[in-house]
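*Asks:* Numbering (my numbering), first residue to last: 5 to 362.
For glycine and all other residues, C-beta sits at the position ideal for the given N, C-alpha and C.
#1: Between the segment 256-275 and the segment 220-235, do three or more beta carbon pairs fall short of 8 Å?
#2: What do you reckon, are the CB atoms on residue 241 and residue 279 nearer than 8 Å?
#3: Which residue marks the beginning of the beta strand (DSSP E) containing residue 295, and which one marks its end?
#4: Would you mind stating whether residue 266 and residue 149 have Cβ atoms separated by less than 8 Å?
#5: Taking buried to mean at least 16 other C-beta atoms within 10 Å of its own C-beta, is residue 282 buried or exposed?
#6: Please go through the same chain and pick out, in chain order, the residues whose beta-carbon is closer than 8 Å to the beta-carbon of residue 110, but skip the five residues on each side of it.
#7: Under 8 Å, do residue 9 and residue 179 count as touching if we go by C-beta distance?
#8: Looking at the unbroken beta strand (DSSP E) that takes in residue 136, where does it start and where does it end?
#9: Pull up the DSSP beta-bridge partners for residue 120, would you.
#10: Is it buried or exposed, residue 78, if we count other Cβ atoms within 10 angstroms and call 16 or more buried?
#11: Under 6 Å Cβ to Cβ from residue 251, same chain only, skipping five residues before and after it: list those, please.
#12: Which residues in the same chain as residue 121 place their Cβ atom closer than 8 Å to its Cβ, once the five residues preceding and following it in sequence are excluded?
#13: To the nearest angstrom, report how far apart residue 328 and residue 116 are at their CA atoms.
#14: By the 10 Å Cβ neighbour count, where 16 or more other Cβ atoms means buried, how is residue 64 classified, buried or exposed?
#15: According to the neighbour-count rule (16 or more other Cβ atoms, all chains shown, within 10 Å of its Cβ), is residue 112 buried or exposed?
#16: For residue 218, which three-state DSSP category applies?
#17: Taking the straight line between their C-alpha atoms, what separation do you get for residue 93 and residue 103?
#18: Which residues bound the alpha helix (DSSP H) around residue 160?
#19: Do residue 83 and residue 230 have their beta-carbon atoms positioned less than 8 Å apart in this structure?
#20: Excluding sequence positions up to five away, which residues of its chain have a Cβ less than 7 Å from the Cβ of residue 205?
#21: Can you round the beta-carbon distance between residue 375 and residue 145 to whole angstroms, since I take them to be within the 8 Å contact cut?
#22: What does DSSP give as the partner residues of residue 86 in its beta bridges?
#23: Can you check DSSP and say which residues form a bridge with residue 306?
#24: Within 10 angstroms of its Cβ, does residue 239 collect 16 or more other Cβ (buried), or is it exposed?
#25: Among residues of its own chain, excluding the 5 on either side of residue 315, which ones have a beta-carbon nearer than 6 Å to its beta-carbon?
#26: Starting from the C-beta of residue 156, find all residues in its chain whose C-beta is less than 8 Å away, skip the five residues before and the five after it, and write them out in chain order.
#27: Grouping DSSP H, G and I as helix and E and B as strand, with all else coil, what is residue 14?
#28: Can you give me the start and stop residues for the beta strand (DSSP E) that residue 284 sits inside?
#29: Taking the alpha-carbon positions, what's the residue 95 to residue 105 distance?
#30: Please say whether residue 39 and residue 181 have beta carbons closer to each other than 8 Å?
#31: Which of the three DSSP states, helix, strand or coil, is assigned to residue 64?
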């Protein structure tokens with residue numbers, strides 16, 4: 005739907021009509037249909053079940069531990085990652101504290117806070133109950149991270165947090181258009197392929213991979229196409245479904261990374277209950293849920309990176325714009341070689357057979 009909505013009143017009427025037509029439509033899907041940012045729909049509830057908080061994400065995130073067990077949610081257009089746990093071991097670094105870490109066995113996040121612009125406390129009707137939580141948005145009105153209370157959460161501590169960080173200004177913002185999903189920067193035109201491949205082979209830490217790409221002016225997908233022999237292999241898109249099913253069958257722990265430009269969320273552990281629904285492959289475990297829309301996967305790659313601990317292998321998924329939407333590793337800690345069962349699992353996945361050139 006083209007955005008011809010000029011006022012919150014126009015938007016409220018259009019949203020009500022859309023909800024009547026499609027009662028179970030999620031707010032993000034509704035925002036896309038109406039051509040506005042999710043934040044603009046949320047703000048229709050200001051003064052009711054939505055409260056704007058001060059834009060102090062560092063302080064707010066560092067104040068979550070007393071709330072106890074929460075559910076962290078991070079997503080992009082094609083993948084949703086939900087993990088339950090406690091927000092402990094929260095730290096920030098950099099000259100302006102814009103890089104954040106939340107490092108725990110359950111809640112494990114990498115935060116890029118320069119784009120975090122708005123924070124809200126929200127109540128969402130869920131049957132006869134209300135689901136309470138915090139939602140963080142970037143300057144475009146795109147949600148970068150959400151935190152929801154669970155039945156084990158300390159609701160008194162949650163209310164105290166709301167009282168402490170409630171913003172004075174509760175007036176609605178101007179309507180924001182639905183933000184386009186931005187792809188990665190394009191590769192530069194001329195690349196020294198030999199130098200790039202040698203740098204790849206010389207890697208000692210997988211965390212240096214992104215810096216290497218930046219140094220050579222390469223988008224990640226292009227880099228995989230130029231990888232040294234045997235270090236990147238394009239797979240069938242079905243590989244991710246088979247990988248999750250086989251990881252479930254064997255019980256081996258894996259690492260699941262999902263993110264956007266403001267946050268990367270990580271699950272480390274087994275995946276047990278795998279459910280396919282339409283184009284979606286889902287992990288439906290008590291403490292971890294993953295929802296991955298296979299229709300959004302344009303390419304899948306098996307990638308091998310050298311490290312001080314030997315080769316580290318990943319399965320990486322890209323959308324049609326070349327954006328990395330999810331990636332998977334065998335569970336491991338620094339100083340420990342890659343799991344043999346993970347490497348063996350990857351060997352069983354279907355490789356994309358490239359058509360022969362004419």
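*Replies:* On the basis of the data shown:
#1: Result no; under three Cβ-Cβ pairs closer than 8 Å.
#2: For this step, residue 241 is matched to residue 237 along the chain shown. For this step, residue 279 is matched to residue 275 along the chain shown. Contact: no.
#3: Counting from one through the chain shown, the residue named residue 295 turns up at place 291. The continuous beta strand (DSSP E) containing residue 295 extends over residues 292-297.
#4: Residue mapping note: residue 266 aligns to position 262 of the chain shown, counting from 1. Residue mapping note: residue 149 aligns to position 145 of the chain shown, counting from 1. Yes, Cβ-Cβ distance for residue 266 and residue 149 is below 8 Å.
#5: Sequence index remark: in the chain shown, residue 282 carries index 278 (1-based). That one is exposed.
#6: Here residue 110 refers to the residue found at position 106 when the chain shown is read from its first residue. Closer than 8 Å at the Cβ level, and outside the excluded window around residue 110, lie 87, 88, 89, 90, 291.
#7: Taking the chain shown and counting its residues from 1, one reaches residue 9 at position 5. Taking the chain shown and counting its residues from 1, one reaches residue 179 at position 175. Yes, the Cβ-Cβ distance between residue 9 and residue 179 is below 8 Å.
#8: In the chain shown, residue 136 corresponds to position 132, counting from 1. Its beta strand (DSSP E) spans residues 133-142.
#9: Taking the chain shown and counting its residues from 1, one reaches residue 120 at position 116. 142, per the DSSP bridge assignment.
#10: By 1-based counting over the chain shown, the position of residue 78 is 74. Counting the other Cβ atoms within 10 Å of the Cβ of residue 78 gives 16 or more, which makes it buried.
#11: Your numbering for residue 251 matches position 247 in the chain shown. The residues are 258, 275.
#12: If you number the chain shown from 1, residue 121 lands on position 117. Within the same chain, residue 121 has close Cβ partners 59, 141, 142, 143.
#13: Here residue 328 refers to the residue found at position 324 when the chain shown is read from its first residue. Here residue 116 refers to the residue found at position 112 when the chain shown is read from its first residue. About 16 Å.
#14: The count along the chain shown starts at 1 and reaches residue 64 at position 60. With a threshold of 16 other beta carbon atoms within 10 Å, residue 64 meets it and is buried.
#15: On the chain shown, residue 112 is found 108 positions in, with the first residue counted as 1. Buried: at least 16 other Cβ atoms inside 10 Å.
#16: As a working note, residue 218 is residue 214 in the chain shown. The answer is helix: DSSP assigns residue 218 an H, G or I state.
#17: Here the question's residue 93 lines up with position 89 in the chain shown. Here the question's residue 103 lines up with position 99 in the chain shown. Rounded to whole angstroms, residue 93 to residue 103 spans 14 Å at the Cα level.
#18: For the purposes of this step, residue 160 is taken as the residue at position 156 of the chain shown. For residue 160, the uninterrupted alpha helix (DSSP H) segment begins and ends at 159-169.
#19: Position 226 of the chain shown, counted from the first residue, corresponds to residue 230. Position 79 of the chain shown, counted from the first residue, corresponds to residue 83. No, the Cβ-Cβ distance between residue 230 and residue 83 is not below 8 Å.
#20: Stepping through the chain shown from its first residue, residue 205 is reached at position 201. Taking C-beta separations shorter than 7 Å and ignoring five residues to either side along the sequence, the partners of residue 205 in its chain run 232, 310, following chain order.
#21: Nothing about residue 375 can be read from this structure; the chain reaches only from 5 to 362.
#22: Position 82 of the chain shown holds residue 86. Partner(s): 77, 293.
#23: Locating residue 306 in the chain shown gives position 302, where the first residue counts as 1. As DSSP reads the structure, residue 306 sits in a beta bridge with 237, 319.
#24: Taking the first residue of the chain shown as position 1, residue 239 is located at position 235. Buried: at least 16 other Cβ atoms inside 10 Å.
#25: Taking the chain shown and counting its residues from 1, the one referred to as residue 315 is at position 311. If we look at residue 315 and ignore the five residues flanking it on each side, its Cβ neighbours are 308.
#26: Walking along the chain shown from the start, residue 156 turns up at place 152. Once the five neighbours on either side are set aside, the close Cβ partners of residue 156 are 72, 73.
#27: Working through the chain shown from its first residue, we reach residue 14 at position 10. When DSSP states are grouped into helix, strand and coil, residue 14 belongs to the helix group.
#28: Walking along the chain shown from the start, residue 284 turns up at place 280. Run containing residue 284: 284-288, per the beta strand (DSSP E) assignment.
#29: Numbered from its first residue, the chain shown carries residue 95 at position 91. Numbered from its first residue, the chain shown carries residue 105 at position 101. If I take the Cα positions, the gap works out to 5 Å.
#30: Taking the chain shown and counting its residues from 1, the one referred to as residue 181 is at position 177. Taking the chain shown and counting its residues from 1, the one referred to as residue 39 is at position 35. Residue 39 is positioned such that its CB atom lies closer than 8 Å to that of residue 181.
#31: If you number the chain shown from 1, residue 64 lands on position 60. Looking at residue 64 - three-state DSSP - the assignment turns out to be helix.
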